[in-house]
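Here the structure is laid out as structure tokens; the discussion comes afterwards.
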């Protein structure tokens, strides 16, 4: 999940205790419901209306839906509203451009591109009364939460059988598109001896250098950084508390900074050692092109994998465009764009077996042996860990 950004500061501070960074629903100036939004609401109320063109009442929206049907109806809807889809993340820049290029549909996303998973679900929740936001990309543990809250619609895309059962909802409410592993992203212009383990971060002279990607109570990337530290510090997939203890010690030592590990903070040196997703660090490395020099290392004493999942808003104002997006991101082209952004696409093994992964692209990843000890937690383990972090991070790490 990405760090939260919203204008409704009081609301999000009350709900999540997190400051906002972007204007909330900047595009939400609609005076009434669009035709597509009305169709979506009629479907939710059990409408059986029909017309000369397909509506959500005419089509099995749980999928898969034929591509020509999706394209024709998405074009009538006229656009896609994406929430939590930042262009710099996992090569979404190319994915957004590819979708628009193929289907001629503009995508509104900039105002809410970097919303956290919690904020994405809040947009979906508000959409019940004022339809807004078609699709989202949330951390693994937020998929089931969205289902529990009745915020998402099921859709089984054409590549459904390629995805491992542990990475998708059996009824189609969410599905993993890609995953990453926790890594150290190191500014080697400032850090002459790059650390290779969490243990070194505690013992070394890294004053005010080590940062994570936001508040772990809200940002999935930061949450998994704490989980990775737990694995390196005597914890396990069933016990994240040692990771909380670790960051409390890191702060006490003066090595931890509360500055977010954004590309801006990394480039200026405010965060010299970031604990975050490998694919973000690798993308930053390419983007900064030696100004400063970055090295990406999977820590030897603990790393954890974190999938991200696609979700469709139950009250999406553009339901066909939303499902067309899902088909595109799981297509060969969409999945290879994730790999280009250094994320591990969910259909990776299928693409490898079909000989569709360019060798030069795979070669840009850290050495395969660094990933040998990366662990995959279950949803139950993530939920238990999340409860501990929510309860203990503030008082034990931040002193609040």
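In our numbering, the protein residues as written are 24 to 423. Even glycine gets a Cβ: it sits at the ideal position worked out from N, Cα and C.
If you draw a straight line from the alpha carbon of residue i to that of residue j, how long is it in whole angstroms?
i	j	result
residue 281	residue 234	6 Å
residue 364	residue 230	31 Å
residue 201	residue 367	5 Å
residue 389	residue 188	27 Å
residue 226	residue 274	12 Å
residue 177	residue 303	29 Å
residue 193	residue 86	13 Å
residue 373	residue 420	42 Å
Consult DSSP for residue i and reduce its assignment to one of helix, strand or coil.
i	result
residue 131	strand
residue 178	coil
residue 28	Bear in mind that the predicted position of residue 28 carries a pLDDT of just 38, short of 50, making it too unreliable to give a figure here.
residue 330	strand
residue 249	helix
residue 321	coil
residue 52	For residue 52, the predicted structure reports a pLDDT of 36, less than 50, and the residue's modelled location is therefore unreliable. The matter cannot be settled from this model.
residue 306	helix
residue 153	coil
residue 166	helix
residue 301	helix
residue 173	coil
residue 398	strand
Between the options, which has its C-alpha nearest residue i's C-alpha?
i	options	result
residue 409	326, 141, 120	141
residue 130	391, 159, 145, 272	159
residue 122	278, 307, 315, 344	344
residue 203	256, 362, 309	362
residue 149	386, 173, 165, 389	173
residue 258	171, 404, 97, 313	404
residue 338	290, 295, 346	346
residue 212	157, 292, 97	292
residue 146	382, 336, 126, 114	336
residue 245	279, 295, 299, 207	299
residue 278	232, 91, 99	232
residue 394	138, 114, 383, 207	207
List the DSSP bridge partners of residue i.
i	result
residue 368	201
residue 192	DSSP output for residue 192 lists no bridge partner at all.
residue 103	130
residue 206	299
residue 160	333
residue 235	298
Beta carbon of residue i, beta carbon of residue j: below 8 Å?
i	j	result
residue 267	residue 112	no
residue 320	residue 217	yes
residue 119	residue 132	yes
residue 104	residue 342	no
residue 251	residue 327	yes
residue 195	residue 179	yes
residue 398	residue 254	yes
residue 221	residue 182	no
Within 7 Å: the Cβ of residue i and any heavy atom of the ligand ZN?
i	result
residue 148	Looking for the ligand ZN in the displayed structure turns up nothing, as the structure carries no ligands at all.
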